[in-house]
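In full-length UniProt numbering, the protein residues as written are 1 to 563. Comments concern the structure below.
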């Protein structure tokens, strides 16, 4: 496969950056971030090395769940701008070489959506079967709610019609009946609409909930004969509508173990989701970081399916816009992570996750932070950043729930962190205060400090883009005696790298043997001025400081790349 042939699969070595338009930059002084403000910062993002913007919901919404309760899938909330502003943002991003993906919510709508308003008007309304209803009193479903602190189950009684409707999230987010062909067609039309406006794909929300509905007594119209056919049809529609513009993608939120994720890729056919967030590796990574032992991360990498085909890809992340969920770990491992990184009750969300950003979790240790982000970019797959990660923003625990990590972007040390000129009382979200507030952490200062996390991540992004084997290659974990060290070897075609990360605070010496390489082959560190050479046994040693890392490019005699 030539380099030109891989360009259509741009997501394989993209750098994705997640933005909440409401909290990124307010351009008109009303206290609410907007699309025009975001457009003003596209050059900043391009400078970092970002290649794909992921926009969190900007649709009209009551915003009871950060905009994921959508009232109009075709609209732009007037607080953020209009369709013209959106198209201009996409044009500017494309002009700078950045792709744009947006959230596609296929599991539920807001209870303010016209579909649901009509559905609850009467039992024989044509929109009734757009949602899932039951006439009998449901059993206790308190353990099935995604918001156990605020919802005591996944069914809510509707007084007007006397029936119960399904909602895995908030009761203001009724679940769509995706077994209904009319619902599936309506979702496809929304995809077609935004593709026509220039988007390069979708981050698909809560995928398993959308396709794994169950038939309930008294209702026989909400069972998919083959649930994954729905994802296949969406992928096929996406391919038809985006032909000629490069590959548009579906990046799925699928919080499941690897073997179950394989089904959502479409198995070896790869005909469903293009990409999936690797929640399992994420959670095992934090267990490894808590223990300062690489074994859990090694176990996760070794459990990834190897037969997902050429096109599907895993997306790696450290933190995202939700809580750091730990529900794929056994209870004792969950407790280890929570006790290490969230010792106070206020640090935790719903007893199962952390509502914190990474710097406070690491007590601000710059060595540990830089190692963690090096690890993020070095893991096989595509790295995803959450806005503000690049400058080391912290959370605001004074804010309820998951909103703690969704505070305004900190641009300067001025009022409101440079996010808005409005009075603080008018802001959409409260600005973080304390040691991680704008007075101490902001983009302007980071740009001027060559030792900042921002400069570190910018360099990582550059090296990642110069190393396609990280996104495309096959990988193998290397055996070595240091329990705190992850050493892995990545190969794509004639390109190879060895990546070393020390999860512990003590210096170590890492022995390396690469039997397939010739003696005298150089291993050039892309993160420093150092290099080493394989001896007659094709072996060498590499020193790592506490929380150290090395990106070693295997430089053969015929390798034309600059180092």
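Yeah, the Cβ is synthetic: ideal placement off N, Cα and C, and Gly gets one too.
Inter-residue Cα distance where the pair is residue i and residue j
i           : j           : result
residue 157 : residue 145 : 15 Å
residue 17  : residue 122 : 43 Å
residue 103 : residue 55  : 7 Å
residue 352 : residue 26  : 33 Å
residue 398 : residue 153 : 27 Å
residue 10  : residue 247 : 7 Å
residue 554 : residue 465 : 16 Å
residue 295 : residue 34  : 43 Å
residue 575 : residue 32  : Here the chain covers residues 1 to 563 and nothing more, so residue 575 does not appear.
residue 384 : residue 273 : 17 Å
residue 208 : residue 513 : 42 Å
residue 218 : residue 184 : Low per-residue confidence applies at residue 218: pLDDT is 43, beneath 50, and the placement is therefore not dependable enough to give any value.
residue 189 : residue 238 : 11 Å
residue 492 : residue 467 : 10 Å
residue 5   : residue 380 : Residue confidence is low: residue 5 scores 49 on pLDDT, short of 50, so the model does not pin down where it sits. No coordinate-derived value is stated.
residue 173 : residue 446 : 40 Å
6 Å CB neighbourhood of residue i in its chain, flanking five on each side removed
i           : result
residue 100 : 53, 90, 93, 199 and 200
residue 436 : 394
residue 421 : 29
residue 284 : 296, 297 and 300
residue 429 : 23, 407 and 408
residue 71  : 60, 61, 110, 112 and 113
residue 540 : 512, 532 and 534
residue 211 : 227 and 230
Short Cβ contact (8 Å threshold) for residue i with residue j
i           : j           : result
residue 330 : residue 265 : no
residue 533 : residue 496 : no
residue 463 : residue 526 : yes
residue 406 : residue 547 : no
residue 292 : residue 276 : no
residue 442 : residue 391 : yes
residue 232 : residue 195 : no
residue 458 : residue 15  : no
residue 498 : residue 523 : yes
residue 250 : residue 202 : yes
residue 358 : residue 326 : no
residue 290 : residue 345 : no
residue 410 : residue 438 : yes
residue 281 : residue 13  : no
With 16 other Cβ atoms within 10 Å as the buried cut-off, status of residue i
i           : result
residue 434 : exposed
residue 205 : buried
residue 197 : exposed
residue 113 : buried
residue 74  : exposed
residue 215 : A caution first: residue 215 carries a pLDDT of 45, below 50, which makes its placement in the model unreliable, though a value can still be read off. With fewer than 16 other Cβ atoms within 10 Å, it is exposed.
residue 536 : exposed
residue 252 : buried
residue 564 : It is not possible to answer for residue 564, since the shown part of the chain is limited to 1 through 563.
residue 160 : exposed
residue 347 : buried
residue 257 : exposed
Close beta carbons around residue i, own chain, < 8 Å, minus the five adjacent residues each side
i           : result
residue 402 : 66, 321, 322, 323, 349 and 355
residue 170 : 64, 65, 69, 147, 150 and 151
residue 86  : 35, 58, 76 and 197
residue 371 : 501, 502, 503, 547, 548 and 549
residue 302 : 477
Residues near residue i in its chain [Cβ-Cβ closer than 7 Å; skip 5 each side]
i           : result
residue 81  : 34, 35 and 36
residue 362 : 368 and 369
residue 309 : 268 and 270
residue 96  : 42, 43 and 46
residue 556 : 521
residue 561 : none
Closer than 7 Å: residue i CB and nearest the ligand PLP heavy atom
i           : result
residue 126 : No copy of the ligand PLP appears in this structure; indeed no ligand is present at all.
Which parts of the stretch 45-97 are runs of the beta strand (DSSP E), unbroken and 3 residues or longer, counting only runs that do not cross its ends?
-> Here the runs fully enclosed are 52-55.
3 or more residues per run - each beta strand (DSSP E) lying fully within the stretch 293-380 = Entirely contained in the stretch 293-380, the beta strand (DSSP E) runs reaching 3 residues are, in chain order, 313-317.
Would you mind listing the beta strand (DSSP E) stretches within the stretch 503-529 that are 3+ residues and don't spill past its ends, in chain order?
-> DSSP runs (the beta strand (DSSP E)) wholly in the stretch 503-529: 508-513 and 522-525.
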